[in-house]
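*Asks:* Numbering (the working numbering), first residue to last: 1 to 606. C-beta: ideal position from N, C-alpha, C; glycine also. Below is the structure I would like to discuss, written out as structure tokens.
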């Protein structure tokens, strides 16, 4: 099979790099020469996804579709993992990836949440660069698709091999997973050659092992598991023998994943000991020293748990972390969902490639002033631990979620005028709900935690000046003179700004209300400092020149945190802000200090 080969490359960014898709170079990647050279499978040009991820789609001439989701950042020194997820019967790729429920949104979008679960995995186990390939058969049925193809297994292996070959990294691993009818994809891969390739180190059946046959599958699985102690076979299933839907049995007298799981267990018992442990309604079976494990729910209430195990119970996360240190870091194989803040707002890709998603605010979350008053007496570190947790959970008002696009021109290091577009928060970082919200000053370490989580950066001095020139609302600074570091001053200053703003609707770019916590090369002059700048008067002159006089643990009422999205366009071409700031030619577009040598503040603790 020939396939367009995409160059996934990156520019080093500290210990991380931004994923920059540079080209769609035509090229052939062949598993075997028998494939028709005219049969080409083409990736679309990379598009920006939610959370500043990169997304590509492809369709093969064999009738397979795939969405490839790449993380926003790649650390070049870390190994690469490709998680392949075979969609269940009846589900599209978009439905398997998932999005928030809402009017006109099918219930199918809210049951698997494959993308959100993988995002959560990236968060709790950052030791690998995790790519997600969600695959679907034409007709939305892997069993039907493979019945029509004698070479189904080889087609699937070639798709996986070709996809893996396009990813960066010298050390690469594959995790094969699938739900329901997606098990046919997994079994076809297993039988697609004499042996399971060594690059595969995990195979996970998410209530998907219906078609297990000992004579076809066991020898390959056993040989693969015994070839390396780090490999894992994980099976999730439940007792489906007596469940009914619309008055009819869901599975036949010999079908279902409960019976299939016990057929698998019987195969393993013939070659060694299988241990059993009971954990509530779950029976856990382990074979080959932990290499193979089954999690079978006894289903005492005779419910249909088929997809519940995948989405509601975090089944994909569980299956991908069994046998690793991350297995308990994200939550449990049980409700509630451990990935809610990573669910994307829409099945559609974000407009303009902005991709920043602030989690939905939970019902009943405390108001901004209520929270600040509760933490007023705490030491700064303890106070900020509470406040950042609230921000990261989505306790942010609508006014604090709005980004505006700034369009300007600037000259690069060669003197060439360039058009620059980037998105910034319309106002400073705020906490709370619509009826009770407060702009919240933070130390640079806490600000950095939020910026990193939302794939944003803090501004430079030049960006702050640009914002003042392009702002729709310029307010005169209102300095306070007493108890500057107190929560009482935070609240009073917010109240005064709101009185200034009057009846103006939130959403336009507002300046003149705070000094900005900024990034600057001056931070290299002394350790553990905060750089602040701005608070322009309406005449355009800032009250605060760029300074690092304060220790990084200092924060007062006048400090504001305004985030800038990583996605920047220069003459219509996409860049990551952190890459621009390092680029000796392009850095002057966003920095009046030339290339920056410091991209972030150190983050303290969880």
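Assuming residue 255 and residue 210 are in contact, meaning their beta carbons sit under 8 Å apart, how far apart are those beta carbons, in whole angstroms?
*Replies:* Residue 255 to residue 210, Cβ: 7 Å. Contact.
*Asks:* Is residue 392 near the ligand ATP, judged by its Cβ being under 7 Å from some heavy atom?
*Replies:* Inclusion of the ligand ATP in the displayed structure is not the case, the ligand content being empty and no account of it being possible.
*Asks:* What's the call for residue 163, buried or exposed, on a 16-neighbour Cβ count within 10 Å?
*Replies:* Buried, by the Cβ-count rule.
*Asks:* What residues in its chain sit with their C-beta under 6 Å from that of residue 34, if we drop five residues either side in the sequence?
*Replies:* In this prediction, residue 34 scores a pLDDT of 35, lower than 50, which makes its location untrustworthy; no coordinate-derived value is stated.
*Asks:* Would you say the segment 279-297 touches the segment 233-240, given that touching needs at least three Cβ pairs under 8 Å?
*Replies:* Contact between the segment 279-297 and the segment 233-240 is present, because at least three Cβ pairs lie under 8 Å.
*Asks:* With a cut-off of 8 Å on the beta carbons, I'd call residue 69 and residue 131 a contact; round off their distance for me.
*Replies:* With 8 Å as the limit, residue 69 and residue 131 qualify as a contact, their Cβ atoms being about 7 Å apart.
*Asks:* Comparing alpha-carbon positions, which option in 292, 225, 401 lies nearest residue 427?
*Replies:* Closest option to residue 427, Cα to Cα, is 401.
*Asks:* Assign residue 248 to one of three DSSP states: helix, strand, or coil.
*Replies:* Strand at residue 248.
*Asks:* Looking at the C-beta of residue 119, does it have a partner C-beta in chain C at a distance below 8 Å?
*Replies:* Absent from the structure: chain C. Only one protein chain is present.
*Asks:* Go to residue 471, then tell me how far its alpha helix (DSSP H) extends in each direction, as first and last residue.
*Replies:* No alpha helix (DSSP H) contains residue 471, which DSSP labels as neither H nor E.
*Asks:* Please state whether the Cβ-Cβ distance between residue 458 and residue 471 is less than 8 Å.
*Replies:* No, these two residues do not count as a Cβ contact at 8 Å.
*Asks:* Ignoring anything shorter than 3 residues, give me the beta strand (DSSP E) runs that lie fully in the segment 74-113, in order along the chain.
*Replies:* Runs found: 80-86.
*Asks:* What does the alpha-carbon distance come out to for the pair residue 413 and residue 576?
*Replies:* Straight-line Cα distance between these residues: approximately 18 Å.
*Asks:* Short of 6 Å in beta carbon distance, which residues of its chain neighbour residue 304, apart from the five on each side in sequence? Order them along the chain.
*Replies:* Result list for residue 304: 243, in chain order.
*Asks:* Can you name the start and end residues of the alpha helix (DSSP H) that residue 381 belongs to?
*Replies:* Run containing residue 381: 380-392, per the alpha helix (DSSP H) assignment.
*Asks:* At what residue ranges does the segment 399-476 contain a whole run of the alpha helix (DSSP H), taking only runs of 4 or more?
*Replies:* Counting only runs of 4 or more, we get 444-453, 461-470.
*Asks:* Return the Cβ separation of residue 87 and residue 136 in integer angstroms, given the expectation that the two are a contact with Cβ distance under 8 Å.
*Replies:* Between residue 136 and residue 87 the Cβ distance is about 4 Å, and since that is below 8 Å, they are a contact.
*Asks:* For residue 217, name the three-state secondary structure that DSSP assigns.
*Replies:* The answer is helix: DSSP assigns residue 217 an H, G or I state.
*Asks:* Suppose the cutoff is 7 Å on Cβ atoms and the five residues either side in sequence are ignored; what does the same chain contact list for residue 445 look like?
*Replies:* Taken in chain order, the residues that qualify are 552, 601, 602, 603, 604.
*Asks:* Pick out whichever of 491, 539, 486, 520 has its Cα sitting closest to the Cα of residue 511.
*Replies:* Checked all of 491, 539, 486, 520; the closest Cα to residue 511 is 539.
*Asks:* Tell me residue 137's beta-bridge partners as DSSP assigns them.
*Replies:* Note: residue 137 sits in a beta bridge opposite 64.
*Asks:* Comparing C-alpha positions only, which one of 311, 396, 360, 372 sits nearest to residue 97?
*Replies:* The option with the nearest alpha carbon to residue 97 is 311.
*Asks:* Is it right to say residue 13 is buried, meaning 16 or more other beta carbons lie within 10 angstroms of its own, or is it exposed?
*Replies:* For residue 13, the pLDDT reaches just 26, beneath the cut-off of 50, and the residue's location in the model is therefore unreliable, although a value from the coordinates is still provided. The residue in question, residue 13, is buried, as its Cβ has 16 or more Cβ neighbours within 10 Å.
*Asks:* To the nearest angstrom, how far is it from the Cα of residue 192 to the Cα of residue 168?
*Replies:* Roughly 25 Å separates the two Cα atoms.
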